[in-house]
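Accompanying notes for the structure given below.
In the numbering used here, the protein residues as written are 2 to 325.
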């Protein structure tokens, strides 16, 4: 593949330190795919609100990622941006806001994520109406689904098209739904849609069991990993830290240590974009070698950690992998 201008820029300028690690990790990702491997990408933080979908959606369309693990917030916020983009408010001087100004944002139904304010009415409520219908329809039929499956159904139904405010090709959820690639959403309960679902359970309008649980995600992931880890195996590309990464990476030691399936291969590539401080005792921010002691990575697993801002690094790495 002939590399495009962004990749050429990276090749020429990114020679040392974190910049060099970025290109080494991107080349390692390429090699893993060329040798027949599959890749999991994990999304922590507010990557969807950062509009990572602009590059991630293309990664999905071009089969550069085969499974995603993300927080409930990242699952929903890509769709919220899709249906309410023009109503978002940017606050470049967010560091200077007084408590009163923060309160005023709340009173005007804006929820702030750093410099970006999500509009409650247009984002949350537009999605809520259609998602609640999916939950109630499933329960009436005695059916149960994972959180991402309910969102896929909502997106693929076409009910949200009337609200689209960005080019749908920039939505990673649309790309994932159209490809039907698997998503694991550990801790989905810790999200706006999770809270909304809980409110309907409290009101007696839905059963908690209608949405499948995190344990069921782990059981499902175990089978997926067993079916996809032969040959070159499965790589692990971790954006940020947290449960989005910690939950799925543990499927390997769980199978090896708890199920005593000793033929289970380790993750065969590892890269993390991290701004965590290792000395604070962080699991998800630990250097990759620590993961060897937990039975997640092998001695010979290619390991990279780019200690930088994922909103800067991830699109550049994706650009390299896509040949942009």
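Glycine residues also receive a C-beta, built at the ideal position from the N, C-alpha and C atoms.
Fair warning: this is a prediction, and the values are worked out from it, not measured in the lab.
Asked                                                                                               : Found
Terminal residues of the alpha helix (DSSP H) in which residue 157 lies                             : 148-157
Three-way DSSP call (helix, strand, coil) for residue 145 in this model                             : coil
At least three beta-carbon pairs within less than 8 Å, the region 264-282 to the region 21-38       : yes
Span of the alpha helix (DSSP H), counted from its first residue to its last, around residue 6      : 6-14
Three-state secondary structure assigned by DSSP to residue 281                                     : helix
Which of helix, strand or coil DSSP assigns to residue 95                                           : helix
Residue from 198, 264, 71, 125 with nearest C-alpha to residue 238                                  : 71
DSSP three-state assignment for residue 83, whether helix, strand or coil                           : helix
Residue 40 and residue 323 closer than 8 Å at C-beta                                                : no
Cβ-Cβ distance between residue 186 and residue 53 below 8 Å                                         : no
Between the CA atoms of residue 253 and residue 227 - distance to the nearest angstrom              : 10 Å
Bridge partners - residue 290, DSSP secondary structure assignment                                  : Residue 290 pairs with nothing; no bridge assigned.
Spatially closest choice to residue 311 from 289, 276, 169, by CA coordinates                       : 276
Cβ-based neighbour list, residue 11, same chain, cut-off 7 Å, excluding 5 preceding and 5 following : 24, 317, 321
Cβ pair residue 177, residue 69 closer than 8 Å                                                     : yes
Bridge partner(s) assigned by DSSP for residue 1                                                    : The structure shown does not extend to residue 1, since the chain is modelled only from 2 to 325, so the question has no answer here.
Segment contact flag, the region 154-173 with the region 79-88, C-beta cutoff 8 Å, min 3 pairs      : yes
Coil, strand or helix - residue 274 by DSSP                                                         : strand
Straight-line gap, residue 102 to residue 111 (C-alpha atoms, nearest Å)                            : 11 Å
Integer-rounded CB distance, given that residue 128 should sit under 8 Å from residue 151           : So it is not a contact: roughly 11 Å between Cβ atoms.
Segment limits, alpha helix (DSSP H) that includes residue 32                                       : 18-35
Nearest to residue 134 (by Cα), restricted to the options 116, 158, 300, 303                        : 158
Inter-residue Cα distance where the pair is residue 200 and residue 174                             : 25 Å
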